[in-house]
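Protein chains in written order, with my numbering: chain L, 327 to 664; chain W, 23 to 256. Every residue gets a Cβ at the ideal spot worked out from N, C-alpha and C, and that includes glycine. Please read the structure below before turning to the comments.
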């Protein structure tokens, strides 16, 4: 018999709920975005995000059940993002999930946000192991090796800024609207020339990343041009910056895929929606002859469907939360299988 | 008629179940445990003690604030989710009024207050057994509040665990007119919250979605943003 998981995600500025069948099929997927509300601040304000979540939460869950044409009695469990994220924001989803689970006597499944991003791929095609995941978002830049379901080995991560964070900061230097990532991607795509910026490789065998030096290089470039009274060409800066980020991300992902002999490579997280990055990874893995997948845009940005996908596999593995469950803002990605 | 009441607006936690005007069970505690960890286990335990199931309740009462932003939201999120998914009405009660209810037999003005940091408080004032409002729930500097209370020229009973923080200042300003409630009255009780909710007209079930906390203060980022806009306009 099929199992349906209700999933809830409120780790940042999206209030989201979804119903997932057997970890692989989206029955309904509702996301209420707060972007317009945070735009004027130039970034997500935690207190404002929490205020929105408490206003939207029940509306979003109801919409999700209505779209699915389902009742609580049809559900097998409630999955919810436990962390990492903004603690005040996480707590809304977690307490709603607990109250809902209590009201209907359903088990709770606590899900790691990044496990969710990785499992977004399970909604598109079956995951094949061993697998390598490149997770890139506003808060994360990580290479994760999975030898089977529920097993995560962090083989590389950023030592300073996340890729998405660097995108947002560079976008601010270029006076692009928030969120800046898509604007830089578009400008870079249209540009014919690129300002040369450094590539940060760190130690020869390292899978770690560093983007703060690159970000500073962009800021210095703008500063020097200003001092000389010269105008920068935003598209050329955008292309120079993006080329550097994409080249490093792609090269390290390829090297890790070879070394670990993986059967599948996936990209996940908000920045994996970036066209420049997608194209580079796609061509690189055609060359390598390793299947590469990236979820459709709406599954790259924060959503609850991915939490439902990961939640299903955790549910099957017997992972359970309880009424004491708390938000874990700095939660580490941990293997859930025995 | 079975009521569930929840108050997590400040550090103390209280949950209660009242059936037909009789208290079945109540939890009141003031221990260092975050509401996210403490509230739902307390609710679960209370239902088990009272031997009722979630679907048996007829209405939910919740402390709507003011208080700690996160605390208010945890109680409101739990109450909203339970009320919505069990299709029961939800009644919000001021966290200040619920606390004042502990001292409703006092002959004079009752002033519940919560520390809002930086010499500010969330406060209100009530009078009489029906808790008629003298000063509406608001956020103010402690001196501003004391000035307003002084002008009333009446005995004022201060109530709440945070009174201690301001007691010296209060005595300085109001002298003998200031009375401090016994510590046994300092914690809000969900049974009083329910009793206040019982006197209200029950809102429709559809209204649950639109229930919002009463923070009595705009978010700091928003306040700064408004200031910026004014500067730009000048």
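Paired residues, beta bridge with residue i - DSSP
i             : result
residue 215/W : According to DSSP, which records beta bridges pairwise, residue 215/W is partnered with nothing at all.
residue 462/L : 467/L
residue 37/W  : 28/W and 49/W
residue 161/W : 144/W
residue 472/L : 457/L
residue 44/W  : 41/W
residue 355/L : 344/L
residue 619/L : 592/L
residue 155/W : 148/W
residue 183/W : DSSP lists no partner for residue 183/W.
residue 367/L : Its beta-bridge partners do not exist; DSSP assigns none.
Three-state class that DSSP yields for residue i in the structure shown
i             : result
residue 338/L : coil
residue 134/W : strand
residue 95/W  : helix
residue 204/W : coil
residue 332/L : strand
residue 652/L : coil
residue 478/L : coil
residue 347/L : strand
residue 484/L : strand
residue 177/W : coil
residue 594/L : strand
residue 607/L : helix
Opening and closing residue of the alpha helix (DSSP H) in which residue i lies
i             : result
residue 360/L : From DSSP, residue 360/L is part of no alpha helix (DSSP H); its letter is neither H nor E.
residue 384/L : 372 to 394
residue 399/L : First-last for residue 399/L: undefined, no H or E at that position.
residue 516/L : 507 to 516
residue 251/W : 242 to 255
residue 560/L : 560 to 586
residue 417/L : 413 to 430
residue 544/L : 538 to 553
residue 496/L : 489 to 499
Under 9 Å between C-beta atoms of residue i and residue j
i             : j             : result
residue 134/W : residue 201/W : no
residue 625/L : residue 438/L : no
residue 538/L : residue 482/L : no
residue 61/W  : residue 39/W  : no
residue 616/L : residue 589/L : yes
residue 341/L : residue 378/L : yes
residue 67/W  : residue 49/W  : yes
residue 113/W : residue 143/W : no
residue 102/W : residue 233/W : yes
residue 654/L : residue 59/W  : no
residue 574/L : residue 645/L : no
residue 345/L : residue 383/L : no
residue 620/L : residue 593/L : yes
Start and end residues, beta strand (DSSP E) containing residue i
i             : result
residue 85/W  : 81 to 85
residue 25/W  : 24 to 29
residue 434/L : 434 to 438
Residues of the region 357 to 383 of chain L with Cβ closer than 7 Å to any Cβ of chain W, in chain order: Interface annotation for the region 357 to 383 of chain L against chain W: 366, 367, 371, 373, 374, 376, 377, 380, 381 and 383, criterion Cβ-Cβ distance under 7 Å.
Residues of the region 437 to 468 of chain L with Cβ closer than 7 Å to any Cβ of chain W, in chain order: Listed by position, the residues of the region 437 to 468 of chain L near chain W (Cβ gap below 7 Å) amount to none.
Along the region 396 to 427 of chain L, where does the CB come closer than 7 Å to a CB of chain W? Name the residues. So the close ones are 398, 414, 417, 418, 420, 421, 422, 424, 425 and 426.
Contact residues within the region 86 to 110 of chain W, judged by C-beta distance below 7 Å to chain L: Listed in sequence order: 91, 92, 95, 96, 98, 99, 100, 102, 103, 104, 106, 107 and 108.
Short-range partners of chain W found in the region 630 to 653 of chain L, where Cβ spacing is below 9 Å: Residues 648, 649, 650, 651, 652 and 653.
Listed in chain order, which residues of the region 213 to 244 of chain W have Cβ atoms closer than 9 Å to some Cβ of chain L? Only 230, 231, 232, 233, 234, 235, 237, 241, 242, 243 and 244 from the region 213 to 244 of chain W bring a Cβ to less than 9 Å from some Cβ of chain L.
Within 7 Å of chain W by C-beta, residues of the region 603 to 628 of chain L in sequence order: Those residues of the region 603 to 628 of chain L placed with their C-beta closer than 7 Å to a C-beta in chain W do not exist.
Could you name the residues of the region 116 to 129 of chain W whose beta carbon sits closer than 8 Å to any beta carbon of chain L, in the order they occur along the chain? From the region 116 to 129 of chain W, no residue has a Cβ closer than 8 Å to chain L.
Using a Cβ-Cβ cut-off of less than 7 Å, give me the residues of the region 329 to 352 of chain L that come near chain W, in sequence order. Legend: CB atoms of the region 329 to 352 of chain L lying less than 7 Å from CB atoms of chain W are not found in any residue.
Along the region 580 to 603 of chain L, where does the CB come closer than 8 Å to a CB of chain W? Name the residues. Residues passing the 8 Å Cβ filter: none.
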